[in-house]
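A.B. asks:
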Amino acid sequence: MSVTDGARSLRQVIDLLGASTESFSAAQLATTVLGITVESSKVSNGFIFVALPGEHTHGAHFVPDALSRGAIALITDEEGERISGLQIPMVKIKKVREMVGALSSFVYGDPSTSMQVVAVTGTNGKTTVTSLLEYFWNRSGISAGVIGTLGARFYTEGKLVSLPSARTTPESCELQAELALMRDAGVKAVAMEVSSHALSLHRVDGIHFKLALFTNLSQDHLDFHHTMEEYFLAKSKLFTSIFSECALINVDDSYGKRLFADCEISSVSISSAVGDWQLSLSNLELTSPSGKRHIFESPLVGDFNQMNAAMALVAFAQTGGNIDEGIELLRSFPGVPGRLERVGNGAPLILVDYAHTPDAVTRVLASLRSHTSGRIIAVLGCGGDRDPLKRPEMGRALQEGADIAIATSDNPRSEDPAAILAAMCGENFNGSQILDRREAISYAISQATDVDLVLIAGKGHEQGQEVDGVITPFDDREVALEILAKRGRS
Numbered sequence: 000m001s002v003t004d005g006a007r008s009l010r011q012v013i014d015l016l017g018a019s020t021e022s023f024s025a026a027q028l029a030t031t032v033l034g035i036t037v038e039s040s041k042v043s044n045g046f047i048f049v050a051l052p053g054e055h056t057h058g059a060h061f062v063p064d065a066l067s068r069g070a071i072a073l074i075t076d077e078e079g080e081r082i083s084g085l086q087i088p089m090v091k092i093k094k095v096r097e098m099v100g101a102l103s104s105f106v107y108g109d110p111s112t113s114m115q116v117v118a119v120t121g122t123n124g125k126t127t128v129t130s131l132l133e134y135f136w137n138r139s140g141i142s143a144g145v146i147g148t149l150g151a152r153f154y155t156e157g158k159l160v161s162l163p164s165a166r167t168t169p170e171s172c173e174l175q176a177e178l179a180l181m182r183d184a185g186v187k188a189v190a191m192e193v194s195s196h197a198l199s200l201h202r203v204d205g206i207h208f209k210l211a212l213f214t215n216l217s218q219d220h221l222d223f224h225h226t227m228e229e230y231f232l233a234k235s236k237l238f239t240s241i242f243s244e245c246a247l248i249n250v251d252d253s254y255g256k257r258l259f260a261d262c263e264i265s266s267v268s269i270s271s272a273v274g275d276w277q278l279s280l281s282n283l284e285l286t287s288p289s290g291k292r293h294i295f296e297s298p299l300v301g302d303f304n305q306m307n308a309a310m311a312l313v314a315f316a317q318t319g320g321n322i323d324e325g326i327e328l329l330r331s332f333p334g335v336p337g338r339l340e341r342v343g344n345g346a347p348l349i350l351v352d353y354a355h356t357p358d359a360v361t362r363v364l365a366s367l368r369s370h371t372s373g374r375i376i377a378v379l380g381c382g383g384d385r386d387p388l389k390r391p392e393m394g395r396a397l398q399e400g401a402d403i404a405i406a407t408s409d410n411p412r413s414e415d416p417a418a419i420l421a422a423m424c425g426e427n428f429n430g431s432q433i434l435d436r437r438e439a440i441s442y443a444i445s446q447a448t449d450v451d452l453v454l455i456a457g458k459g460h461e462q463g464q465e466v467d468g469v470i471t472p473f474d475d476r477e478v479a480l481e482i483l484a485k486r487g488r489s
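The sequence shown: position 462 = 461 (numbering that gives the first Met the number 0), numbered continuously.
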């Protein structure tokens, strides 16, 4: 993705870094920078290639590929300079990763300053809240985009543009390029999922957020953050004046209470108990700080989703929308792919959901009790190369919340699927263990009567299963439909 507005010269970029220009010719310094990336495969003519130290290898090993694709300069660290060993215009800086976000924003003309960008962070609920907010904006006449787990999407001249992403929050270069595309397409508001990884790895540096939302915090990503305290502190970075103007915080969550108490920026709270905005879950009534009451109808399932809806409504109001219009729009919200998404039209009721943390599994299973007169049959696995400490908690949440619990594989990645399953179930698992996910889904459907409910959890919208570095097509929704078709059901 190339610059289409606010192009910068190579000299301007180097000056921003405070680096020397002595090794560059006048012609090189006058060159227009058309883009910046940390992935050599995404380099085009006129791009700067940023070689970062990686988990397995240094990006400098890919400099020849970047050069062959038209890179005009390299930005890297001392190790990268030593590795590359090539004659390419180079800028060496010490903390290269920490500079990429601000640098990318500069290259692409600081796109976030031209739009209202709203950040949503938290363990669960990010995709639902951002999808709702995007829906409210677009339906109310505010041209909007969204960036998150489902990728990036926006409209230009009435046509939908969808950009896939491998991460909840893309790398800063890609992120700024997407924001620039949205700006140039006339987008006025963007809802963005911001992960703890993104905050820790400086992916959102250089973005100006009009509003930051905190949904909740529960055990996840401890393979990366190591402790819940580190996880919380990573999330907390978003709620500072460096990133955001103001905040909306769910104080039903214990970490939310702490965040609200210590928040340095202007913030309002939302709660089902005591908050600036108060949500009554019994009758879906949202009361504003001024005391005005708003009753809404929601097509979403579960108390946790009603809080998601309420937060999206408040964010809509805080970004210039009319909350009563948002309430009317909520009634027709089509839902989010892979978030309690129904599969088939007949009985039994089959739902696919992305719940992949102990708290999310517990909440979604509890919320489904009122939606069936029969049993809940649930299928769940745990991902490989991710927080191993949550696996037994996932197994416990599964068997405590389901009448028939079926543990299976998820994305084992580089790990042994059987070992993951053993860690999830332990010795006292009161359910079935079926390693093959397709077989597990088939077994779940075979056990269901017309009054039962089948939940297939963990992967949601995902369309592949990763095993030993290879991703093969696998969509829980499609698999369930195939099984139903074989059984003569739909």
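Built from N, CA and C at the ideal position, the CB exists for glycine as well.
Which one or two residues does DSSP pair with H57 in a beta bridge?
C.D. replies: Looking at the DSSP assignment, H57 forms a beta bridge with P52.
A.B. asks: Between which two residues does the alpha helix (DSSP H) holding E229 run?
C.D. replies: Counting along the chain, the alpha helix (DSSP H) containing E229 begins and ends at M227 to S235.
A.B. asks: By the three-class DSSP mapping on this structure, what secondary structure does E481 have?
C.D. replies: E481 falls in the helix class under three-state DSSP.
A.B. asks: Within 8 Å, do at least three Cβ pairs link the region 69-89 to the region 45-60?
C.D. replies: Short answer: they touch.
A.B. asks: With contact counted as at least three CB pairs below 8 Å, one residue from each stretch, are the region 300-313 and the region 356-369 in contact?
C.D. replies: The answer is yes - the region 356-369 touches the region 300-313, with three or more Cβ pairs under 8 Å.
A.B. asks: Taking only runs of the beta strand (DSSP E) that begin and end inside the region 262-308, which ones reach a length of at least 3 residues, in chain order?
C.D. replies: Runs of the beta strand (DSSP E) inside the region 262-308: 265-270, 276-279, 284-286 and 292-294.
A.B. asks: Specify the secondary structure class of L216 as computed by DSSP and reduced to three states.
C.D. replies: Three-state DSSP puts L216 in coil, outside helix and strand.
A.B. asks: Starting from E438 and walking both ways along the alpha helix (DSSP H), at which residues does that stretch end?
C.D. replies: R436 to Q446 is the extent of the alpha helix (DSSP H) around E438.
A.B. asks: DSSP on R338, reduced to helix/strand/coil?
C.D. replies: In this structure, R338 counts as coil in the three-state DSSP scheme.
A.B. asks: Counting only the same chain and skipping the five closest in sequence on each side, list residues whose C-beta sits under 6 Å from that of L348.
C.D. replies: Contacts found: L452.
A.B. asks: Within its chain, find whatever has a CB closer than 6 Å to the CB of F23; leave out the 5 residues flanking it on each side and keep chain order.
C.D. replies: P88, listed in sequence order.
A.B. asks: Per DSSP, which one or two residues make a beta bridge with P472?
C.D. replies: G463.
A.B. asks: Can you tell which of C381, A70 and T448 has the C-alpha that lies nearest to the C-alpha of R436?
C.D. replies: That would be C381, whose Cα lies nearest to the Cα of R436.
A.B. asks: Just to confirm, is the Cβ distance from T214 to N344 under 8 Å?
C.D. replies: Contact: no.
A.B. asks: Would I264 pass as a contact of S240 if the rule is Cβ separation under 8 Å?
C.D. replies: Yes, they are a contact pair.
A.B. asks: According to DSSP, what are the bridge partners of I403?
C.D. replies: According to DSSP, which records beta bridges pairwise, I403 is partnered with I376.
A.B. asks: Please classify K94 as buried or exposed, where buried requires at least 16 neighbouring CB atoms within 10 angstroms.
C.D. replies: Answer is exposed; the Cβ neighbour count stays below 16.
A.B. asks: Taking the alpha carbon of R202 as the point to measure from, which residue in A6, D358, Q175 and M181 has its own alpha carbon closest?
C.D. replies: Considering only alpha carbons, the answer is Q175.
A.B. asks: Candidates A211, E228 and S139: which alpha carbon is nearest G325's?
C.D. replies: Nearest C-alpha to G325: S139.
A.B. asks: Quick one: is S268 near chain B, going by C-beta distance under 8 Å?
C.D. replies: No chain B appears in the structure shown, which is made up of a single protein chain.
A.B. asks: Return helix, strand or coil for T155, following the three-state DSSP convention.
C.D. replies: Three-state DSSP puts T155 in a strand.
A.B. asks: How long is the line joining the alpha carbons of D402 and G124, rounded to whole angstroms?
C.D. replies: Roughly 25 Å separates the two Cα atoms.
A.B. asks: At what residue ranges does the region 52-101 contain a whole run of the beta strand (DSSP E), taking only runs of 3 or more?
C.D. replies: List check, beta strand (DSSP E) in window: 72-75 and 89-91.
A.B. asks: Under the rule that 16 or more other beta-carbon atoms within 10 Å means buried, what is D109, buried or exposed?
C.D. replies: With 16 or more other Cβ atoms within 10 Å, it is buried.
A.B. asks: Let's test the definition: count the other Cβ atoms within 10 Å of the Cβ of L454 and tell me whether it reaches 16, buried, or not, exposed.
C.D. replies: When all chains shown are included, L454 counts as buried.
A.B. asks: In the region 99-158, which residue ranges form an unbroken beta strand (DSSP E) of at least 3 residues, counting only runs that do not cross its ends?
C.D. replies: If we require 3 residues or more, the beta strand (DSSP E) runs fully inside the region 99-158 come out as 115-120, 143-147 and 150-155.
A.B. asks: Give the range of the beta strand (DSSP E) segment to which A165 is assigned.
C.D. replies: Looking at the DSSP string, A165 is not in any beta strand (DSSP E), and its letter there is neither H nor E.
A.B. asks: When DSSP labels each residue in this structure, what does I433 get in the three-state scheme?
C.D. replies: I433: coil per DSSP, three-state reduction.
A.B. asks: Under a three-way DSSP split, which group does I35 fall into?
C.D. replies: DSSP places I35 in strand when its eight states are reduced to three.
A.B. asks: Excluding sequence positions up to five away, which residues of its chain have a Cβ less than 7 Å from the Cβ of L51?
C.D. replies: Excluding positions up to five away in sequence, the list reads V37, G58, V95 and R96.
A.B. asks: Would you mind reading off the limits of the beta strand (DSSP E) that contains L329?
C.D. replies: Premise fails: L329 lies in the alpha helix (DSSP H), I322 to L329, not in any beta strand (DSSP E).
A.B. asks: Mind checking whether Q446 and I376 have CB atoms under 8 Å apart?
C.D. replies: For Q446 and I376, yes; Cβs fall inside 8 Å.
A.B. asks: Alpha carbon to alpha carbon, how far is L131 from G100?
C.D. replies: If I take the Cα positions, the gap works out to 27 Å.
A.B. asks: With distances taken Cα to Cα, identify the nearest neighbour of E228 among S243, V128 and L258.
C.D. replies: Among S243, V128 and L258, the Cα nearest to that of E228 is on L258.
A.B. asks: Pull up the distance between the alpha-carbon of P288 and that of D275, whole angstroms please.
C.D. replies: Cα to Cα, P288 sits roughly 5 Å from D275.
A.B. asks: Please report the residue range of the beta strand (DSSP E) in which E244 lies.
C.D. replies: Run containing E244: S243 to N249, per the beta strand (DSSP E) assignment.
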